[in-house]
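Take the sequence shown: its letter number 245 is residue 245 in the UniProt record's numbering, and every next letter is one higher. Okay, structure first, notes after.
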Amino acid sequence: MVHHSGVLIPAEKSYLFQNRLRPLLRRYHCDSFETLYERAQAPDATDLVGAVIEAMTTHETSFFRDPWAFEALTEELERLYRLGKREVSIWSAACSTGEEPYSIAMVVYEFCRKRPSMKCTILASDIADDTLAKARKAEYFRLGSYLPEDYAGRFFLRADRRMTLREEIRGMVDFEHFNLLDIRKRGKVFDIIFCRNVALYFPNDIRLPFFQDLANCLPAGGMLLVGSSESMYRATARYERARHGNHFYYRRAR
Ligand SMILES: C[S@@+](CC[C@H](N)C(=O)[O-])C[C@H]1O[C@@H](n2cnc3c(N)ncnc32)[C@H](O)[C@@H]1O
Numbered sequence: 001m002v003h004h005s006g007v008l009i010p011a012e013k014s015y016l017f018q019n020r021l022r023p024l025l026r027r028y029h030c031d032s033f034e035t036l037y038e039r040a041q042a043p044d045a046t047d048l049v050g051a052v053i054e055a056m057t058t059h060e061t062s063f064f065r066d067p068w069a070f071e072a073l074t075e076e077l078e079r080l081y082r083l084g085k086r087e088v089s090i091w092s093a094a095c096s097t098g099e100e101p102y103s104i105a106m107v108v109y110e111f112c113r114k115r116p117s118m119k120c121t122i123l124a125s126d127i128a129d130d131t132l133a134k135a136r137k138a139e140y141f142r143l144g145s146y147l148p149e150d151y152a153g154r155f156f157l158r159a160d161r162r163m164t165l166r167e168e169i170r171g172m173v174d175f176e177h178f179n180l181l182d183i184r185k186r187g188k189v190f191d192i193i194f195c196r197n198v199a200l201y202f203p204n205d206i207r208l209p210f211f212q213d214l215a216n217c218l219p220a221g222g223m224l225l226v227g228s229s230e231s232m233y234r235a236t237a238r239y240e241r242a243r244h245g246n247h248f249y250y251r252r253a254r
């Protein structure tokens, strides 16, 4: 797992392997976990390796998870606008089933409605392909408690229990497969990066160099939002810590 995705499953959680990989035994016609492991070592086992990563990674997410982060996003758009910037690029770097990039899109939609000269692009990526397929589909059975009250009616179409995001928001996000361990090959710069609740699963010897390399994807002063439990304090001199109320985010050091 660490080799392919950076995600470390600690020894005390080894039961997760059995629980989460059991369904793959049948799907890949393996009579034991040992056989599954051996199959996954084959050079052409990309489909199986993908299925293992999908099963072993945590995809938990929700619309407007940590609402302060989306207030901070609005503030940043306002700041950039006042500086005269009219094109802003945003990356949701471990987007899971799409709730995070679509929340970004709703914020951007509201912002640009009032300031139509502002143009924002939103890229969303994840390592897990089945998860990305769900994100692209944008159909949800739960919208969670953080979604602003009137957004369900404004931005979703309801059919029975299924809520489908309206095309005007869906169409604002481009999705792609990207493994964050390949961060050195990214070769793109974004004004704002959401990289939340993923690097906490990387062991230290992967996480710290990862954040150092991620700084190359931001301009000086560019904004990085990490998860609430992912403090980078003193991790690297490449960022300065900034505040939104009681919460912290980061800016690439100048
Ligand atoms: C817990 S979800 C976080 C989703 C969202 N960012 C949020 O905070 O709500 C973590 C996501 O990271 C993805 N992931 C894990 N390792 C990754 C890697 N090496 N590269 C890209 N995505 C990865 C998983 O597939 C999963 O969808």
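All C-beta atoms, glycine included, are put in the ideal place defined by N, C-alpha and C.
* Could you tell me whether any non-hydrogen atom of ligand 1 is closer than 7 angstroms to the CB of residue 59? => Locating residue 59 in the sequence shown gives position 59, counting from the first residue. Within the cutoff, so yes.
* Keeping to the same chain, check which residues put their C-beta closer than 6 angstroms to that of residue 117; ignore five residues upstream and five downstream. => Taking the first residue of the sequence shown as position 1, residue 117 is located at position 117. Excluding residues within five positions, the ones whose Cβ falls inside 6 angstroms are 86.
* Using beta-carbon positions only, say whether residue 227 and residue 251 come within less than 8 angstroms of one another. => Mapped onto the sequence shown, residue 227 falls at position 227. Mapped onto the sequence shown, residue 251 falls at position 251. No, Cβ-Cβ distance for residue 227 and residue 251 is not below 8 angstroms.
* **Distance between residue 52 and residue 29 (C-alpha atoms, nearest Å)** => As a working mapping, residue 29 is identified with position 29 in the sequence shown. As a working mapping, residue 52 is identified with position 52 in the sequence shown. Distance between the alpha carbons of residue 29 and residue 52 is about 14 angstroms.
* Which one or two residues does DSSP pair with residue 89 in a beta bridge? -> Residue 89 sits at position 89 when you count from the first residue of the sequence shown. In the DSSP output, where bridge partners are listed per residue, residue 89 has 121.
* **Integer Cβ distance of residue 193 from residue 218, believed to fall under 8 angstroms** => Here residue 193 corresponds to residue number 193 of the sequence shown, with the count starting at 1. Here residue 218 corresponds to residue number 218 of the sequence shown, with the count starting at 1. At roughly 6 angstroms, the Cβ-Cβ gap stays under 8 angstroms, so residue 193 and residue 218 are in contact.
* To do: Run the CB neighbour count on residue 96, radius 10 Å, all protein chains shown included, and call it buried at 16 or more, exposed below.
  => Position 96 of the sequence shown, counted from the start, is the residue given in the question as residue 96. Burial call: buried.
* Measure the C-alpha to C-alpha separation of residue 237 and residue 25 and round it to an integer number of angstroms. => Translated into positions along the sequence shown, residue 237 becomes position 237. Translated into positions along the sequence shown, residue 25 becomes position 25. When rounded, the distance between both Cα atoms is 45 angstroms.
* Asked: Does the Cβ of residue 101 have 16 or more other Cβ atoms within 10 Å, making it buried, or fewer, making it exposed?
  -> Along the sequence shown, one-based indexing puts residue 101 at 101. Residue 101 comes out buried.
* **Contact between the region 37-52 and the region 67-78 (3+ Cβ pairs under 8 angstroms)** => no
* **Buried versus exposed call for residue 126 [16 or more other C-beta atoms within 10 Å across all chains shown]** => The residue given as residue 126 occupies position 126 in the sequence shown. Buried: at least 16 other Cβ atoms inside 10 Å.
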